[in-house]
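Order-wise, the sequence lines are chains A and B.
Just so we're aligned: the first sequence equals residues 1 to 201 in this note's numbering.
Just so we're aligned: the second sequence equals residues 1001 to 1201 in this note's numbering.
Beta carbons: idealized from backbone N, C-alpha and C, even for Gly.
Computed from a predicted structure; not experimentally measured.
There are 2 protein chains.
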Amino acid sequence: MAGADLYGVMGSLRSVREFSDRPVSDEALRQILEMTIRAPNGGNSQSWRFLVLRDPKVRREVGRLYLEALLQQVEAATPDEVLARPGITRTLRDAVHLARHLGEAPPVQVLACIEKSGVSDPGSSIFPAVQNLMLAAWGLGLGTVLTTVWRHRDEEMRALLGVPDDIEMAALIPLGHPAKAYGPPKRRAIDDVVSYDRWSG
Amino acid sequence: MAGADLYGVMGSLRSVREFSDRPVSDEALRQILEMTIRAPNGGNSQSWRFLVLRDPKVRREVGRLYLEALLQQVEAATPDEVLARPGITRTLRDAVHLARHLGEAPPVQVLACIEKSGVSDPGSSIFPAVQNLMLAAWGLGLGTVLTTVWRHRDEEMRALLGVPDDIEMAALIPLGHPAKAYGPPKRRAIDDVVSYDRWSG
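Now the structure itself:
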């Protein structure tokens, strides 16, 4: 697997919400998963599980639940109703695009899960791995986005995928080739979000 | 700043609990913070704050609270009592070492914080940034460890650092030069933690 510059990849990572249906190679998927499980986690208990969804039928069902969940979250009846809203943010427009097409593309979705009881703070033991996944993918030219909106359909997702009740489904990460080019992320200046020795502002 | 290989750094990252008191340069700290804030976060609201603790007095106080919290968690009266336990795990022994010395080394601690109300799932909006921080540091030869045990002293930490009640203190990350060399992390095989299309096992 070719190398990639850590700071270049980390500094340019973007959330991708427009994907092509171009396949993700087994080799790339394996490399990404190998990096995912190197992440730190509470007590190295590795109480995580990664569900890799490739079956078109399963992905279509997830896509359907995802769209329902997004519409519930934004209190809308249809995607078009959301898109017609004046002053709609780009993120929301992109989220609607993702929700509409998730059943078709990208060709892979990863559901990152963690045992609820295995660690004192589940989030601290799964999201570092999720970030590794996204960075490893980006280094290979593959896009991802960390999504949680489908939790409005947590029960239906659980039933669809057979996920036991003692497992927290933490993030669904679509994974595939971006359908367009992405510039660097927009962020506030460091000095806006860093304080020294004591909270300020 | 020199380059570093993404997969090499990600694949070798270890939790460091033995630090030297060798200084961390301003340039390195800045590079690490620049990378930290590139992480994805809910709605790009960047509802995070990073407290960089360098004042020896502040670090000493945090170290004191940290040790108290660890002893509470493992139900022990003194560090020596913990170390004398038969069958003590290496992680716990290392945690005691960290807790005992945190007030002196490393020369930097970062407290990663997130607004409780700004995002639907605070963990998903702060731990990717924490992972970026740890990877960026490791790429520069600097060690870190994601700690949460001090939460047993959440109120005291909050008072010490002036952190408002609507802010979640998510992770305290000691940052500095490792006092020893670390081999690659030990992890279960991918096939133990990955399922395809449906939960299994």
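The criterion of a C-beta distance shorter than 7 Å is not satisfied by G1139/B and A1039/B. Distance from the CA of L6/A to the CA of R1014/B, rounded to the nearest whole angstrom, comes to 16 Å.
In the structure shown, the three-state DSSP call for V108/A is strand. Y1066/B: member of the alpha helix (DSSP H) spanning 1056-1073, first to last residue. For Y1196/B, the number of other beta carbons within 10 angstroms of its own is below 16, and it is reported as exposed.
When DSSP states are grouped into helix, strand and coil, T1036/B belongs to the helix group.
As the crow flies, the alpha-carbon of V1096/B is around 56 Å from that of P86/A. No Cβ of chain B is located within less than 7 Å of the beta carbon of W150/A. Separation of the CB atoms of G1063/B and P1107/B is rounded to 12 Å, and the pair is thereby denied contact status at 8 Å. Linking K186/A to T1036/B through their CA atoms gives a straight-line distance of about 13 Å. With 16 or more other CB atoms across the displayed protein chains lying within 10 angstroms of its CB, S47/A is buried.
Take V149/A, set aside five residues on each side of it, and the residues of its chain with a beta-carbon closer than 6 Å to its own are A69, L70, Q73, in chain order.
Against chain B, the beta carbon of I37/A has neighbours under 7 Å at R1187, I1190, V1193, listed in chain order.
Put simply, the backbone Cα of V1009/B is about 14 Å away from that of A129/A. The straight-line gap separating the alpha-carbon atoms of A179/A and I1190/B is approximately 29 Å. Going by DSSP, A99/A is part of the alpha helix (DSSP H) stretching over 90-101. The residue among L1102/B, I1173/B, I1167/B, S1125/B with its C-alpha nearest the C-alpha of D1021/B is L1102/B. P1174/B: member of the beta strand (DSSP E) spanning 1167-1176, first to last residue. At the C-beta level, A1170/B and A1112/B come within 7 Å of one another. At a cut-off of 7 Å, the C-beta of A1028/B has no neighbouring C-beta in chain A. Take P79/A, set aside five residues on each side of it, and the residues of its chain with a beta-carbon closer than 6 Å to its own are V96, R100, in chain order.
At a cut-off of 7 Å between C-beta atoms, L65/A does not count as an interface residue with respect to chain B. Counting the other CB atoms within 10 Å of its CB gives G201/A a total below 16, which places it among the exposed residues.
One finds P1040, P1128 in chain B with Cβ atoms closer than 8 Å to the Cβ of M134/A, taken in chain order.
In this structure, V24/A keeps its C-beta atom at 7 Å or more from the C-beta atom of V145/A. Note: R1049/B is bridge-paired with C1113/B in the DSSP secondary-structure output. In this structure, the CA atom of G141/A is about 14 Å from the CA atom of P184/A. The Cβ-Cβ distance between G42/A and V163/A does not fall below 7 Å. Remark: C-beta atoms of L29/A and R153/A do not approach each other more closely than 7 Å. Residue environment analysis places S1124/B among the buried positions, since at least 16 neighbouring C-beta atoms fall within 10 angstroms of its C-beta.
When DSSP reads this structure, F19/A sits in a beta bridge with P178/A. With a contact defined as Cβ atoms closer than 8 Å, L1172/B and I1032/B miss out at about 15 Å. In this structure Q109/A is in contact with L53/A, their Cβ atoms being roughly 4 Å apart against a cut-off of 8 Å. Within chain A, the residues placing a beta-carbon under 8 Å from that of V1163/B are W199, ordered along the chain. Distances from the CA of R1059/B to each of A1076/B, Y1182/B, E1104/B were compared; the closest alpha carbon is that of E1104/B.
The continuous stretches of beta strand (DSSP E) do not include V149/A, and DSSP gives it neither H nor E.
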